[in-house]
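*Asks:* Order-wise, the sequence lines are chains A and B.
As numbered in numbering that gives the first Met the number 0, residues 0 to 92 make up the first sequence, in order.
As numbered in numbering that gives the first Met the number 0, residues 0 to 378 make up the second sequence, in order.
All residues carry an ideal CB built from backbone N, CA and C; glycine is no exception.
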Amino acid sequence: MKYRCKKVENCFAGARTYEYELPVTGQKLLAYLKGWDIRENHKFRRPVFSAKQGALEIKGILAACVIKVNYPAAGWEYEKERLERWLAETEAR
Amino acid sequence: MKSFEHPIYMNNAATSWPKPPQVAEAVFEALSTMPGETNRGGVADFDVFEEVRTELAGLLGIDAPCQTALGANSTWGLNQAIFGYPLKPGDTVLTTHAEHNAVLRPLYMLEQKGIQVKRISVDETGRVRPEDWAEAVKIYRPKLCVLTHASNVTGAVNDISVLAEAAKEGGADLLLDVSQTLGCIPVRLSEWKVDMAAFTGHKYLLGPQGTGGVYVREGLHLHPHMVGGTGVKSDLKEMPEEMPLHLEAGTGNEPSYHGLLAALRWSRQHPLDEKDLQEQTRRLSEGLLKLGCRVIVPDGPSTPVLSFTVPGISIQDAADILTGSYDIILRTGLHCAPDIMEDIGMQGGTIRLSLSRFTTEEEIEQVLLAVRDLVESGL
């Protein structure tokens, strides 16, 4: 699927947080994440989700098309490349 | 659950919003009108910078408006003051852990040039302890002291009359950063015998970004940090000696200064209700404490700024939910003031809420409801 990626500029030390705008909502994205540890939380005004696989964790609002990834300190460039390759190779339905 | 229909803006310590409508109107009007004459002065000339200086003089508590140079922001003013002040290798500058990077980074550069910089810690609420300050002045004999009027992280206001007196007794000049206080609480530079002060127009003065400057007391000569055209005295090879021209090189941000002038005039006609703002801040602070949050609550005077964390939830997660799920605009992290975090016991940073005169009781209630959801979410 096509995506637009932008680094999140924040005030944390050593932050490696990126946002991805996708052609699908977080809710639809979850259907593609087979084998990931997925959690939904519906206690908030706009319910949220997180999906974890190894050191990689995706978070976002279920109804929104923007997800946020805070890459781990170790091997963050590898993890970023891995996620972006997966996104590019995944066909949006 | 109550409905949340509009974004709640609580990032006023960064940039205030909303602005009085006159501000945008003035900027639009300035951009829509033919620029001023090529020559300065004259009876018919309306000099927006001069008008702003006059308005600011009252707020800064100074007699001579011309001692205020106008530029882009506080950082511009701080750089002019720190790099323009006559220091030589071996001289000492005293500062604190509560300072913003707009102070810290210029000082790191001075250290590379052989200036000694001494930094004193602050108390657990971000306030400078007067006894520590006075002792540091005695021990280090600084030539220059650089100090914030209030922490941009915790809101704690420093007792400038006491701290300035200690600096003076030690023979030091004092540069005060009033970015977080001008327009919010009283500033009395002449009364406090402050030598220089940097300020910005886009926070509690309610003006546009791209406005701010530096006050320099009469008799103190700064070396201009930037040089260039002044529109007058063009035959000189150096910047004109007189203030404010001495520090004002290049074309000024005239449209934004029209906006700032409108904001200053509006504020003069609509004085801030300090007590009401303090009460709103107290209500928010108490509400967060009741929800089990860790909140930095300074004793005594403070600006409408609150730093907090939610136990068991990372700052980033908490902020993402407050903003993403509830449209609460806030700030997280180190707030460009990294040195204060250890002193206040928040090494990983904080979530910061900063109110303004336009913050409503309903907005505070909505923020507390959102934090309650967060606390009860089981995240």
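(1) Taking the CB atoms as reference points, tell me whether Ala149 (chain B) and Thr199 (chain B) lie closer together than 7 Å.
(2) So that I know if they touch, is there some Cβ in chain A lying closer than 7 Å to that of Ser376 (chain B)?
(3) Quick one: grab the DSSP three-state call for Trp85 (chain A).
(4) Buried or exposed: where does Ala93 (chain A) fall if 16 or more other Cβ atoms within 10 Å of its Cβ makes it buried?
(5) Grab me the residues of Lys192 (chain B)'s own chain with a C-beta within less than 7 Å of its C-beta, minus the 5 sequence neighbours each way, in chain order.
(6) So, helix, strand or coil for Ala196 (chain B), using DSSP?
(7) Between Gly332 (chain B) and chain A, is the shortest Cβ-Cβ distance under 7 Å, so that the two count as touching?
(8) Check whether the Cβ atoms of Ile339 (chain B) and His99 (chain B) lie closer than 7 Å to each other.
(9) In terms of residue numbering, what span does the beta strand (DSSP E) encompassing Arg52 (chain B) cover?
(10) Could you give the uninterrupted runs of the alpha helix (DSSP H) lying entirely in the segment 22 to 58 of chain A, keeping only those of 4 residues or more?
(11) Helix, strand or coil for Thr16 (chain A), going by three-state DSSP, please let me know.
(12) Relative to the alpha-carbon of Lys232 (chain B), which residue among B:His224, B:Leu244, B:Gln277 has its alpha-carbon at the smallest distance?
(13) Can you pull out the residues from the segment 49 to 60 of chain A whose beta carbon lies closer than 8 Å to at least one beta carbon of chain B?
(14) How far does the alpha helix (DSSP H) with Lys5 (chain A) in it reach, from first residue to last?
(15) Find the nearest neighbour of Met225 (chain B) within the set B:Val51, B:Ala71, B:Ser15, judged by alpha-carbon distance.
(16) DSSP puts Asn10 (chain B) in a beta bridge; with which residues?
(17) Pick helix, strand or coil for Tyr107 (chain B), following the three-state DSSP scheme.
(18) How would you call Arg44 (chain A), buried or exposed, if buried means at least 16 neighbouring beta carbons within 10 angstroms?
(19) According to DSSP, is Cys65 (chain B) part of a helix, a strand, or is it coil?
(20) Might you give, ordered along the chain, the residues of its own chain that have their beta carbon closer than 7 Å to the beta carbon of Gly228 (chain B), omitting 5 neighbours on each side?
(21) Just the Cα atoms here: how many angstroms apart are Gln208 (chain B) and Val26 (chain B)?
(22) Thinking just about the alpha-carbon of each residue, which of B:Gly258, B:Gly125, B:Val116, B:Asp319 is nearest to the one in Tyr17 (chain A)?
(23) Within the 7 Å Cβ cut-off, does Ile295 (chain B) reach chain A?
(24) So what does DSSP say about Asn157 (chain B), is it helix, strand or coil?
(25) Just to confirm the assignment: which complete alpha helix (DSSP H) runs, minimum length 4, are found wholly within the segment 69 to 136 of chain B?
(26) Counting only runs that start and end within the segment 258 to 329 of chain B, where is the beta strand (DSSP E) found for 3 or more residues in a row?
(27) With DSSP run on the structure shown, which of helix, strand or coil describes Ile343 (chain B)?
(28) Which residues of chain B have a Cβ atom closer than 7 Å to the Cβ of Cys12 (chain A), listed in chain order?
(29) For Glu130 (chain B), which residues in the same chain have their Cβ closer than 7 Å to its Cβ, ignoring the five residues on either side in sequence?
(30) So what does DSSP say about Tyr256 (chain B), is it helix, strand or coil?
(31) Quick one: any contact between the segment 116 to 124 of chain B and the segment 55 to 71 of chain B, if contact means 3 or more CB pairs under 8 Å?
(32) Taking Cβ positions only, does Trp75 (chain A) come closer than 7 Å to chain B?
(33) Shorter than 7 Å from the beta carbon of Tyr325 (chain B) to some beta carbon of chain A?
(34) Can you tell which of B:Leu276, B:Leu290, B:Leu55 has its C-alpha closest to the C-alpha of Asn11 (chain B)?
(35) From this set, A:Lys5, A:Ala12, A:Lys6, which residue's C-alpha is nearest Cys335 (chain B)'s C-alpha?
(36) Report yes if the CB atom of Ser306 (chain B) is closer than 7 Å to the CB atom of Thr153 (chain B), and no otherwise.
*Replies:* According to the data block:
(1) Going by beta carbons, Ala149 (chain B) and Thr199 (chain B) fall outside the 7 Å limit.
(2) Under the 7 Å criterion on CB atoms, Ser376 (chain B) is classed as interfacial with respect to chain A.
(3) The answer is helix: DSSP assigns Trp85 (chain A) an H, G or I state.
(4) Given a span of 0 to 92 for chain A in the structure shown, any question on residue 93 (chain A) remains unanswerable.
(5) Hits under 7 Å: Ala163, Lys167.
(6) Ala196 (chain B) falls in the strand class under three-state DSSP.
(7) Chain A contact via Cβ: present.
(8) Contact: no.
(9) Per DSSP, Arg52 (chain B) belongs to no beta strand (DSSP E); it is in the alpha helix (DSSP H), 47 to 59.
(10) Here the runs fully enclosed are 25 to 29.
(11) Residue state, collapsed to three classes: strand.
(12) Restricting attention to B:His224, B:Leu244, B:Gln277, the CA atom closest to the CA of Lys232 (chain B) is found in B:Leu244.
(13) Of all residues in the segment 49 to 60 of chain A, Lys58, Gly59, Ile60 have a Cβ within less than 8 Å of some Cβ in chain B.
(14) First-last for Lys5 (chain A): 3 to 6, but that is the beta strand (DSSP E), not the alpha helix (DSSP H).
(15) Ranking the options by Cα distance to Met225 (chain B), first place goes to B:Ala71.
(16) Asn10 (chain B) pairs with B:Ser353.
(17) If DSSP states are grouped into helix, strand and coil, Tyr107 (chain B) belongs with the helices.
(18) Buried, by the Cβ-count rule.
(19) Three-state DSSP puts Cys65 (chain B) in a helix.
(20) Taken in chain order, the residues that qualify are Ala248, Gly249.
(21) When rounded, the distance between both Cα atoms is 11 Å.
(22) Per the Cα distances, B:Asp319.
(23) Not an interface residue.
(24) Here Asn157 (chain B) sits in coil by DSSP.
(25) With a minimum length of 4 residues, the continuous alpha helix (DSSP H) runs that stay inside the segment 69 to 136 of chain B are 73 to 83, 100 to 111.
(26) Counting only runs of 3 or more residues that sit fully inside the segment 258 to 329 of chain B, the beta strand (DSSP E) segments are 293 to 295, 304 to 308, in chain order.
(27) In the displayed model, Ile343 (chain B) falls within coil according to three-state DSSP, outside both helix and strand.
(28) The residue asked about is misnamed: residue 12 (chain A) is Ala in this sequence, not Cys. For Ala12 (chain A), the C-beta contacts it makes with chain B under 7 Å involve Leu333, in order along the chain.
(29) Within the same chain, Glu130 (chain B) has no close Cβ partners at all.
(30) Tyr256 (chain B) falls in the helix class under three-state DSSP.
(31) Judged by Cβ distances under 8 Å, the segment 116 to 124 of chain B makes no contact with the segment 55 to 71 of chain B, as fewer than three pairs qualify.
(32) Residue-level contact check: Trp75 (chain A) does not touch chain B, since none of the beta carbons of chain B fall below 7 Å from its beta carbon.
(33) Tyr325 (chain B) counts as touching chain A.
(34) Among B:Leu276, B:Leu290, B:Leu55, the Cα nearest to that of Asn11 (chain B) is on B:Leu276.
(35) It is A:Ala12 whose Cα lies nearest to the Cα of Cys335 (chain B).
(36) With respect to the 7 Å criterion, Ser306 (chain B) and Thr153 (chain B) are classified as neighbours on the basis of their beta carbons.
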